[in-house]
Amino acid sequence: MRGFVTEVKNHLQFYQIPMFEATGQVKHGFTTRGGGESRGPYSSLNTAFHVGDAVENVRANRALACRALGINPDDIVAGRQVHGDNVEVVVLSDKGRGARVFEDALPDVDALVTAVPGVPLSSYYADCVPIFLLDPVQGVVALAHAGWKGTVAKIGLKTVQKMVKVCGTNPADCLAGVGPSIGPCCYEVNGQVIGLFKKSFSNWAELVESIHPGKWRLNLWKANYHTLLEAGLPESSIAMAGVCTSCRNDQFFSYRAAGGITGRMASFIMLK
């Protein structure tokens, strides 16, 4: 890992970004799958309502994770993720949207931005790429959920652009983290997906590896890293976990490794 560490808090393991912690401005973390209440394919720290797990288990798991990070679980803001590129600016009146029921989450959104202290953002994953963003100068945080569709649409770039437009962020001041997600070792896609990356990324050839006719391996980590560079972030300000959720499905939920029925990890970030 370059720029991520694992920390155990209240018996739960989190991935965190030391350069975020060093600012003293945020509470943040990315969960793993152990230490929760859920059973079966959701064992055990599933944090998502929409996957078929019991609602009471999800609420209990979110409470465990949030309290370990010093966040009120009833305050978190979530989006109904659709693998799109919509970026929503979260205001104080949004506090608690999606915290206790899926239907109350912000609709059709895969990235959240806020400059309001005490309003925790959350996002949910099982192979897709979690992107953390922090502008320590203007006091702005963001989370983005980047599957292949969000990645090819450059949701990381669009999230930074929203921070610039709404909050006055200078991208050169931003810190970012690309968290645990499916790696180029395991992420196979077809020619249609590769065709879209060819159109979106001038360096697409660096992102793919042909493995047999009609199948490629795609590097979502590198694609999102280059998207953040395109947004204007310095190389030294981008932390890369480099941990594959499919390889490490003992530690993480993986949609691919589980064949589609599984739980979700969560990313959380809040301005103090």
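In my numbering, each residue carries its 1-based index in the sequence shown increased by 1095. C-beta atoms are modelled at their ideal positions from N, C-alpha and C, and glycine is treated no differently. Just so it is clear, the structure is predicted and the values come from calculations on it, not from any experiment.
Item	Value
Of the residues CYS1280, VAL1284, GLY1234 and ALA1353, which one's Cα is nearest the Cα of VAL1261?	GLY1234
Touching or not, the segment 1268 to 1278 and the segment 1291 to 1311, by the rule of three or more beta carbon pairs under 8 Å?	no
Is LEU1140 helix, strand or coil when you go by DSSP?	coil
Thinking C-beta only, is HIS1240 closer than 8 Å to GLN1176?	yes
Would you call the CB atoms of VAL1211 and LEU1187 closer than 8 Å?	yes
Spell out a yes or no on whether the segment 1339 to 1358 and the segment 1200 to 1214 are touching, meaning 3 or more CB-CB pairs, one atom from each, closer than 8 Å.	no
According to DSSP, is CYS1342 helix, strand or coil?	coil
Counting Cβ pairs, one atom from each stretch, are 3 or more of them under 8 Å apart for the segment 1314 to 1327 and the segment 1180 to 1194?	no
Can you say whether CYS1280 is buried or exposed, counting buried as having 16 or more other CB atoms within 10 angstroms of its CB?	exposed
Just tell me which of TRP1243, ASN1265, ASP1222 and HIS1307 has its CA closest to the CA of THR1127.	ASP1222
Does the Cβ of ARG1359 have 16 or more other Cβ atoms within 10 Å, making it buried, or fewer, making it exposed?	buried
Using the three-state DSSP reduction, which class does ILE1250 fall into: helix, strand or coil?	helix
Using a 10 Å radius around the Cβ and a threshold of 16 neighbouring Cβ atoms, would you call GLY1135 buried or exposed?	exposed
Just mark HIS1307 as buried or exposed, buried being the case when its beta carbon has 16 or more other beta carbons within 10 Å.	exposed
To which residues of the same chain is ALA1264 closer than 6 Å at the C-beta, ignoring the five residues directly before and after it?	The sequence as given places Thr at residue 1264; Ala does not occur at that position. Correct list, in chain order: ASP1230, GLN1233, VAL1235 and MET1258.
As a quick exercise: from ALA1149, ILE1166, THR1118 and GLN1111, pick the residue whose alpha carbon is nearest that of MET1365.	ILE1166
If you measure between the beta carbons of ARG1097 and ARG1154, is that distance less than 8 Å?	no
Can you tell me the Cβ-Cβ gap for ALA1160 and LEU1207, rounded? I've got them flagged as a contact below 8 Å.	Between LEU1207 and ALA1160 the Cβ distance is about 17 Å, and since that is not below 8 Å, they are no contact.
Using a Cβ-Cβ cutoff of less than 7 Å, which residues in the same chain neighbour LEU1302 once the five nearest sequence positions on both sides are dropped?	PHE1292, PHE1296, LEU1313, ASN1314, LYS1317 and ALA1318
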